[in-house]
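In the working numbering, the protein residues as written are 19 to 219. Even for Gly, the Cβ is constructed at its ideal location relative to N, Cα and C.
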Ligand code: VGL
Ligand code: ZN
């Protein structure tokens, strides 16, 4: 059984949002069309409290894109984004969510970020996605959404390490940083993730 995970297709990651990914809106028609090819469609939603430690505004003398140590790990500081209950945190109104069976929210704990739809960045808290997919007999996981080099990457990496056959749909993602993107593609290939285009599905 095959699942499609729609990662963080939220207004703040789209043109006009606070952490807009260039051309992020271009993926939406593709993602809408892909959904009917899957047994199950689920979505993740970045869902931060206003005082979240990943926001540069919550640190003295720090700028957006500075890197700090948080709980022993490198943490990029972001503009405020996807604050719980705001329009920025909502899914794009162009995204077809009618077939989305379940939504997994992440990044709710003030002191730890959560790029992956499966766990927090320190791997301590599960979102419930792994056990949900396994309970639905999913063996193959396809990932798309935003951003290619952060949340889609970590979701694909974790899916593969959890034993799912994992597929990363390049034309149904857009990156924040091209350098980071080139590195993560190499890493995903090394982990055994299949990199493909939506036309191959
Ligand atoms: C994301 C940065 C911060 C993402 C979420 O969805 O890729 N990136 N929070
Ligand atoms: Zn975030």
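Taking only heavy atoms of ligand 2 into account, decide whether any of them is closer than 7 Å to the Cβ of residue 42.
-> No.
Taking DSSP as the reference, what is the three-state secondary structure of residue 163?
-> strand
Where do the N-terminal and C-terminal ends of the alpha helix (DSSP H) with residue 183 fall, by residue?
-> Premise fails: residue 183 lies in the beta strand (DSSP E), 183-192, not in any alpha helix (DSSP H).
Cβ contact (3+ pairs, closer than 8 Å) linking the region 71-89 and the region 130-147 = yes
Indicate whether residue 99 and residue 30 have their beta-carbon atoms separated by less than 8 Å.
-> yes
Tell me which same chain residues have a C-beta within less than 7 Å of the C-beta of residue 138, skipping the five on either side of it?
-> Answer for residue 138: 127, 130 and 132, listed in chain order.
May I ask you to check if the CB of residue 65 is nearer than 7 Å to at least one heavy atom of ligand 1?
-> no
Proximal residues to residue 170 (C-beta, below 6 Å), its chain only, five neighbours per side dropped = 25, 161, 163 and 191
C-beta atoms of residue 19 and residue 52 nearer than 8 Å = No; because the gap between Cβ atoms is not below 8 Å, this pair is not in contact.
Can you round the beta-carbon distance between residue 217 and residue 194 to whole angstroms, since I take them to be within the 8 Å contact cut?
-> So it is not a contact: roughly 25 Å between Cβ atoms.
Does DSSP classify residue 207 as helix, strand or coil?
-> helix
Is there at least one non-hydrogen atom of ligand 2 closer than 7 Å to the beta-carbon of residue 77?
-> At a cut-off of 7 Å, the beta-carbon of residue 77 does not count as near ligand 2: no heavy atom of the ligand is closer than that.
By how many angstroms is the C-alpha of residue 63 removed from the C-alpha of residue 105?
-> 12 Å
Starting from the C-beta of residue 157, find all residues in its chain whose C-beta is less than 7 Å away, skip the five residues before and the five after it, and write them out in chain order.
-> Contacts found: 19, 182 and 183.
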